[in-house]
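Its first residue numbered 112, the sequence shown is counted upward by one per residue in my numbering. Just so it is clear, CB atoms sit at the ideal spot from N, CA and C, and this is done for glycine as well. Fair warning: this is a prediction, and the values are worked out from it, not measured in the lab. Here's the structure, in structure tokens; my notes come after.
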Amino acid sequence: MVNNISNSSTSKTEDSEHIESNNTKSIRLVENSLVIWLDSNKNETSDEYHRATNQLQHYANTIQLASDQTEYIDLIKNTKDVKVFIIVSGTFGIDLADAMEITPQIYCVYVYCAEKKHHEEWAKYYQIIKGVFTDIETICDALRRDVRRVNNDLIPISILQSTSSDQFDQLFACSLILKDFLINSVCEQQTKNKFMQFCRSQHRDNSYQSNIIKKYQAKPKKLTPIQWYTRECFLYSMLNRALRLYDIEILTQINFFVQEVNEQIQKIYSQSDQQHPQTVYHGQNITNDLLSKLQKNKKSLISFNTFLMASMDENLTLDLLQQSQSDPNLIAVLFKIAVDRSKSSYPFIILDEFDYYQDSDRYVLFSLNTIFQIENIEQINKQLWEVRLILAKDTNKKLKTINEWIETKFRKLDSISRFGEIMIDIGKTDEAEELYKFLLENSDEEDKDAFAYIHRKLGFIKDQKNELDAAYNHYMESYRIRLNSVFEDEPRLCKTYAGIGAVQRKQGRHDRALGIFQ
């Protein structure tokens, strides 16, 4: 439907993207982690604070300072879709530990105080407290490990239900359609430029990441795409948060990088004679709801909606999994993944020299949204479950069925329009609205058919949100474009008429609505 994306659009200004530390509502988070530093003796303008935050921002982009409990509570209230790491003075820690223990947004707490022994006496009774620290360097070391665990546990997982539930089938289909859009959409140089401007604005207060962004922009080929990804810098953080939350603003700009990483994996895979392992391991803490879906759907399909990195060392994976069990509401799961190149065409590579860090730990990197089949699930002990997976075969009937369903339902639409349609179907109307606004700003001005379609979809979304005046205006714009179009398309015009009539009926303009329906 929307085949041509114009190069004439302008990006948001850097000022509109600025992170204002004094206004929690204006924060635009681009990663899964947020640090809140609660200490009445800290001053944002002091050299000591700047040195400390510069170190912390190696691992978390956004650091928020609260000087009292009121500021802290306001920050927590305005936080969503992110895990919070608290650095707290001993005095505030004693007062707030009970509340912090039951606050779902908080991943862990670091007590930062010179009186180590005194505060360890009470801190040891709280699971959420990682320890009492006397210097910022040891906090940074702990933060690095904990942020990595958070990113791992927040990897989105899609499961194709074995039941007849259309809703969950659509959720699984959504991951397939998103992958198709990211991998196959055309990427212009201007899109890359927009993305780099966006990255600079979001990290403008982070000198460490800003320097990495400058290096990437100046010499992107100094490292390979896989090395940039495994470096776990701004690209890794932004991509994985965007994939988890369907962040349209980022996904529509970062797709070029997704393609580069995926293409490199494919190239290495096709040219490689690597002796790959028979089994690799991925550990993740998941919700009870997700565990229940795994139990109900043996032999069905599962996808980790990212570039999954799995270890070749089972013991290392188990150790890391056990160390990360800080949330009693999550369940530790060891995924044992059997990999056999002869039975599946999904690309994967042994990282080794392709890894940015090239350390002794050996990992396998799978292509984006690789699909597996659930072979078995069993409980190992009270704290651990084991799920056995195999790479989905190319001939898998369930995968073939859902792909045919996608092609039938969205047969006349391109990948980005399909993504918008299914976002509406699964109830993500805010994200769908952002997508259609993006298309409205970026489509070729000569493509009248596309503009009529986009306005009709925006009309439908506004109607769903009960923003009836806006819905009516979008429907009428679609109608005017269709009416003046050289292409006769009665079915689409009828859909626009129906939308106008439905809105007018809700507005109480029944005579006009009746006239439209007639």
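Problem - Close Cβ partners of Val261 (< 7 Å) along its chain, the five nearest in sequence each way excluded - result: Asn143, Ser144, Lys194, Tyr218
Exercise for the section: Determine the burial state of Pro458: buried for a count of at least 16 other Cβ atoms within 10 Å of its Cβ, exposed for fewer. Expected result: buried
Practice task
Pull up the distance between the alpha-carbon of Asp505 and that of Lys454, whole angstroms please.
Solution key: 8 Å
Problem - Glu588 to Glu374 span [Cα, whole Å] - result: Cα to Cα, Glu588 sits roughly 40 Å from Glu374.
Practice task
Determine the DSSP secondary structure at Lys335, reduced to helix, strand or coil.
Solution key: Here residue 335 is Thr; the residue named in the question, Lys, does not match the sequence. In this structure, Thr335 counts as coil in the three-state DSSP scheme.
Practice task
Inspect the beta-carbon positions of Val199 and Leu186 and report whether they are closer than 8 Å.
Solution key: The answer is no: Cβ separation not under 8 Å.
Exercise for the section: Check whether the Cβ atoms of Thr141 and Gln313 sit closer than 8 Å, and answer yes or no. Expected result: Sequence inspection shows Val at residue 141; the Thr mentioned does not correspond to that position. In contact: Val141 and Gln313 (Cβ atoms closer than 8 Å).
Problem - In DSSP terms, what Met420 is bridged to - result: Met420 is bridged by DSSP to Leu476.
Problem - Simplified DSSP assignment, three categories, for Val146 - result: strand
Handout entry: Coil, strand or helix - Phe283 by DSSP
Key = In the three-state DSSP reduction, Phe283 falls in the helix class (H, G or I).
Exercise for the section: Could you check if Asp384 is buried or exposed, using at least 16 other CB atoms within 10 Å of its CB as the buried criterion? Expected result: exposed
Practice task
Starting from the N-terminal side, write out each stretch of the alpha helix (DSSP H) that is 4 residues or longer and does not extend beyond the region 456–520.
Solution key: 508–520
Practice task
Could you say which of Gly242, Ala210, Ile240, Leu402 lies nearest to Asn440 if we only look at CA atoms?
Solution key: Leu402
Problem - Stretch-stretch touch, CB-based, cutoff 8 Å, three pairs: the region 292–302 with the region 245–254 - result: no
Practice task
Mind the definition here: the region 462–470 touches the region 325–340 only if three or more C-beta pairs lie below 8 Å; say whether that holds.
Solution key: yes
Practice task
For Ile379, I'd like the list of residues in its chain whose CB is within less than 6 Å of its CB, leaving aside the five on either flank, ordered along the chain.
Solution key: Ile460
Exercise for the section: Answer with buried or exposed for Glu545, where buried requires no fewer than 16 other C-beta atoms within 10 angstroms of its C-beta. Expected result: buried
Practice task
For the alpha helix (DSSP H) containing Val372, list its first residue and its last residue.
Solution key: 359–382
Handout entry: DSSP-derived helix/strand/coil call for Ala543
Key = helix
Handout entry: Counted within 10 angstroms of its Cβ, other Cβ atoms place Gln238 as buried (16 or more) or exposed
Key = exposed
Handout entry: Proximity of Ile288 and Phe530 at Cβ, strictly below 8 Å
Key = Yes. Within cutoff.
Practice task
May I have the straight-line CA-CA distance separating Glu159 from Leu419, to the nearest angstrom?
Solution key: 38 Å
Exercise for the section: State buried or exposed for Leu265, treating a residue as buried only when at least 16 other CB atoms are found within 10 Å of its CB. Expected result: With 16 or more Cβ atoms within 10 Å of its Cβ, Leu265 is classed as buried.
Exercise for the section: Alpha carbon to alpha carbon, how far is Val614 from Ala581? Give it in angstroms, no decimals. Expected result: 10 Å
Handout entry: Euclidean distance between Cα positions of Leu495 and Ile397
Key = 11 Å
Exercise for the section: Measuring only between beta-carbons, confirm whether Ala210 sits less than 8 Å from chain B. Expected result: The chain labelled as chain B is not found in the depicted structure, where only one protein chain is given.
Problem - Candidates Lys333, Phe244, Asp574, Asp451, of which the one nearest Thr540 by Cα - result: Asp574
Problem - Option in Gln469, Thr202, Lys191, Asp560 with minimal Cα separation from Pro215 - result: Lys191
Problem - Helix, strand or coil at Leu265 according to DSSP, with G and I counted as helix - result: Coil.
Problem - Per-residue burial, Thr121 [other beta carbons within 10 Å of its own, 16 or more giving buried] - result: Bear in mind that the predicted position of Thr121 carries a pLDDT of just 38, short of 50, making it unreliable; the figure below should be weighed with that in mind. By the neighbour-count rule (16 or more Cβ atoms within 10 Å), Thr121 is not buried but exposed.
Exercise for the section: Compute the Euclidean distance between the alpha carbons of Met307 and Pro331, then round it to the nearest angstrom. Expected result: 11 Å
Handout entry: In DSSP terms, what Ile240 is bridged to
Key = Looking at the DSSP assignment, Ile240 forms a beta bridge with Val220.
Practice task
Report all residues from its chain with a CB closer than 6 Å to the CB of Phe203; omit the five preceding and five following residues, and keep chain order.
Solution key: The answer, listed in chain order, is Leu149.
Handout entry: Beta-carbon contacts of Ile491 that lie in its chain and below 7 Å, excluding the five residues immediately before and after
Key = Glu497
Handout entry: Proximity below 8 Å, CB of Ile448 to CB of Phe483
Key = yes
Practice task
Using only alpha-carbon positions, find the residue among Ile488, Asn152, Glu226 that is nearest to Leu405.
Solution key: Ile488
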